[in-house]
Amino acid sequence: MAGIYVYSDKKDLAAELVGFAKGCGKRAIVLTFDERAAKDLSNSGADKVCLLKGDSELVENYGKSIAHLLAEQGAELFVVGATVSGRDIAARVAGYLDCAMVSEASSITYTDGKLVTERMMYGGSVQQSEVLEGLCVVTVRAGKFEAISGAAEVTTLEISADTRTTLVERKDIVKEGADLSVAERIVCVGMALDKREDLQIAHDLAAVLGAEVGCTRGVAEEKHWLPVEQYIGMSGAVVKPKLYLSMGVSGQIQHVFGIRDSQIIVAVNTDPKAPIFKAADYGIVGDMYQVIPLLTKTLKGA
Ligand SMILES: Cc1cc2nc3c(=O)[nH]c(=O)nc-3n(C[C@H](O)[C@H](O)[C@H](O)COP(=O)(O)OP(=O)(O)OC[C@H]3O[C@@H](n4cnc5c(N)ncnc54)[C@H](O)[C@@H]3O)c2cc1C
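Here it is as structure tokens:
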């Protein structure tokens, strides 16, 4: 079946990619190796869900077979969720197809029948637009498209695997923080925070708002005051909450990349020229050590 083929090991992301395909007026065919995901995705609005079955536990071992399947079926595009496993399979499939591939597209559209992608380059200082022709592979992070609903036919397909690589052991990574990609409200802490204990002012505001606490990269990777899962941006979590409120965040492009899809952005910063104010819907020029506790107190009383 011709159309846009979708794969993600995260079923919610696969559902978002189906939303993208259907939004383009194309047929959406989901590939999955997971029986449960196949069941859930049968209500994703896709035209077809193919449950792939083979001899290997490693999805990347199916790169060649997936490439053959796409070519044989006349796929127009293979759009893959940009997870660790997704990036791996996408690169292999593109290699076997010897076709164009765009990683981490921030936007994909069809213009005059041609696929146009946009992505950040050089640490986010440049946005590159590419026009792709023929069957190609694009990876996309979570949160870029809206999932839809609707019944889809589920079929099972036997597929052959390259078994030269085998799985020896699987260990879960223990995640410490909340999943920011699904948070509805986020209070984001920047490097203006003087000391770890001061995180409490963010937690107090977050408690009143029913929000999760996120941060900029330095807070997690340099200071180690919050888990790495909590930092937001192009190399961290991409979020799309209803409310994102930052305190002491400068708003460099690499951070703003991760918050652009927030519905309302509020920023508190002492510097009126801080770039975060360009991205913000509401800005407060002031000291977060005064503004945030005051905000918490006011909201508590509301
Ligand atoms: C390849 C690459 C990828 C990157 N990826 C990411 C990423 O994914 N996520 C990310 O966050 N960063 C990322 N970065 C880093 C990014 O460029 C910035 O350095 C970082 O986002 C800055 O963090 P910050 O805003 O917390 O700190 P700063 O830039 O130091 O800003 C602190 C801000 O706080 C304000 N301030 C100071 N005191 C107060 C106060 N009392 N009250 C209120 N405001 C105050 C200051 O005016 C300033 O604007 C990346 C960089 C590179 C090169």
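Just so you know, we're using the numbering used here here: the sequence shown kicks off at 102 and counts up by one. All C-beta atoms, glycine included, are put in the ideal place defined by N, C-alpha and C.
query, result
"Own chain residues within Cβ distance below 6 Å of residue 254, not counting five before or after", "149"
"Residue 337 vs residue 361 beta-carbon contact at 8 Å", "no"
"Residue 366 beta carbon less than 8 Å from that of residue 380", "yes"
"Spatial neighbours of residue 251 in its chain, beta-carbon cut-off 6 Å, leaving aside the 5 residues before and after", "146"
"Residue 318: CB within 7 Å of a non-hydrogen atom of ligand 1", "yes"
"Residue ranges of each beta strand (DSSP E) within the stretch 242-309, 3 or longer", "254-259, 286-290"
"Near ligand 1: residue 372 beta-carbon under 7 Å from a heavy atom", "yes"
"Cβ-based burial, residue 356 [other Cβ within 10 Å; buried from 16]", "buried"
"Touch test, the stretch 170-179 against the stretch 271-287, Cβ-Cβ under 8 Å, three pairs minimum", "no"
"Residue nearest to residue 169 in terms of C-alpha spacing, selected from 296, 262, 315, 375", "262"
"Beta-carbon proximity check, residue 79 vs residue 113, cutoff 8 Å", "In this structure the chain extends from 102 to 403, so residue 79 is not present and cannot be described."
"Span of the beta strand (DSSP E), counted from its first residue to its last, around residue 129", "129-133"
"Beta-bridge partners of residue 104, as assigned by DSSP", "176"
"Candidates 109, 323, 315, of which the one nearest residue 330 by Cα", "315"
"Residue 375 CB to nearest heavy atom of ligand 1 below 7 Å", "yes"
"Simplified DSSP state of residue 361, which is helix, strand or coil", "coil"
"Contact test: residue 105 Cβ vs ligand 2 heavy atom, cutoff 7 Å", "Ligand 2 is absent from the structure shown, which contains only ligand 1."
"Of the listed residues 216, 354, 311, 358, nearest to residue 343 (C-alpha basis)", "311"
"Cα-Cα separation between residue 320 and residue 237, rounded to whole angstroms", "38 Å"
"Cβ pair residue 219, residue 204 closer than 8 Å", "no"
"For residue 116 and residue 235, the rounded distance between their alpha carbons", "24 Å"
"C-alpha gap between residue 232 and residue 309, whole angstroms", "46 Å"
"Rounded separation between residue 244 and residue 388 - CA only", "32 Å"
"Sub-8 Å separation of residue 163 and residue 260 beta-carbons", "yes"
"Which of helix, strand or coil DSSP assigns to residue 353", "coil"
"Test item: CB-CB of residue 216 and residue 167 under 8 Å", "no"
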